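Report on one structure; see the data block that follows.
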Amino acid sequence: MKKISLFLILMLTVTLLTACNTTQRNEEPPTNGNGNTIDNGNDNQDNNDENNENDNDINNEQERVELTLYYVNDAYVESGDEALDILIPVKREVERNNQTLEKIVLEQVQNDPQEDGLSTAINELEIINIEIVDGTLNIDISGENLGGGSLQERLVINQIVYNFTELETIDSVQFLIDGIISESLMGHISIDKPITREDTL
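All letters in the sequence shown, in the order written, are residues -19 to -1, 1 to 182 by mature numbering (1 follows the signal peptide of the UniProt record, and there is no 0).
Listed below in structure tokens is the structure:
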């Protein structure tokens, strides 16, 4: 009877030791047979996550761009003093949001500036389309409610030409009214040919 009891105790001990060794082997990282641990891929996942975060930071930086925008000098409009600059340049950093630079410029200068003493002459214009062709920006303006005196026309043309030719890809601006090249915007200044900065008055 004692022999049977000792045999059962021995078998139970062997079974427990075998189970412990099996659990320990399952918890140990796998090796390649040479004693070197095999990467289970978790480290690669962590590296990929870190790289993705770095890429996102780079993309966020690339989505911002610094522009030089031109706004109307209110002091010139009020005084008519030709010694004053008609337009004042303003440096501004804006989000690109996958838009072309010319569309960003148009969006910015059609809104009233934040700076005191400056304004925009084109906030009420309805722009139908803009596109760049061989260094010339074609800007199509709706003829509806398009009107004003010679000063207003001068401000509109100057502000548009200066803002867009500030971009490296644009040398001149061709104005169109409802898709057609016309003689003038408001009856005072010729716009039948592309206008450069040197052509502005």
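Just so you know, even glycine gets a beta-carbon here, dropped at the ideal spot from N, CA and C. On a predicted model such as this, the values are computed, not experimentally measured, just so you know.
Exercise. Among I111, D115, G128, G130, which one has its Cα closest to the Cα of D121?
Worked result: I111
Exercise. Report the rounded CA-to-CA distance for Y143 versus N79, giving the unit in angstroms.
Key: 23 Å
Residue burial classification, T101 (beta-carbon count within 10 angstroms, cutoff 16)
Counting Cβ neighbours within 10 Å, T101 comes out buried, since at least 16 surround it.
What does the Cβ neighbour count give for V90, buried or exposed, with the cut at 16 atoms within 10 Å? buried
Q) For N104, which of helix, strand or coil comes out of DSSP? A) coil
Q | Rounded straight-line distance, which links the Cα of D62 to that of residue 184 | A | The displayed coordinates of the chain run from -19 to 182. Any statement about residue 184 would go beyond what the structure contains.
State the Cα-Cα distance for the pair S163 and G128, rounded to the nearest angstrom. 14 Å
Which word fits P70, buried or exposed, when buried means at least 16 other C-beta atoms lie within 10 angstroms of its C-beta?
-> exposed
When you compare only the Cα positions, how much space is there between G124 and E44?
Answer to the nearest angstrom: the Cα atoms are 34 Å apart.
Checklist line | Backbone CA spacing between V154 and L166 [nearest angstrom] | finding: 13 Å
To the nearest angstrom, report how far apart G130 and I172 are at their CA atoms.
15 Å
Proximity of I151 and L118 at Cβ, strictly below 8 Å: yes
task = Flag this pair as yes or no: are the beta carbons of Q133 and V53 separated by less than 8 Å?
result = Not closer than 8 Å, so no.
Problem set entry | For D55, the first and last residue of its enclosing beta strand (DSSP E) | It is not in any beta strand (DSSP E) - D55 instead sits in the alpha helix (DSSP H) that spans 55 to 60.
Requested in this report: Enumerate in chain order the residues of its own chain whose CB-to-CB distance from N104 is below 6 Å, with the five nearest sequence positions on each side excluded.
Outcome: Q91
Considering G138, what are the terminal residues of the alpha helix (DSSP H) in which it resides? Going by the sequence as given, residue 138 is Ile instead of Gly. Where I138 is concerned, the enclosing alpha helix (DSSP H) stretches over 131 to 146.
**Request:** Please determine, among G160, E74, L68, G168, the residue with the shortest C-alpha to C-alpha distance to E107.
**Result:** Nearest option by C-alpha distance: G160.
Would you grab the beta carbon distance between R135 and I176 for me? Rounded to a whole angstrom, and I think it's under 8 Å.
At roughly 12 Å, the Cβ-Cβ gap does not stay under 8 Å, so R135 and I176 are not in contact.
- Of the choices I67, E88, E74, whose alpha-carbon is the least far from that of G98? For G98, the nearest C-alpha among the options comes from I67.
Query raised in the report: By DSSP, does E112 sit in helix, in strand, or in coil?
Result: strand
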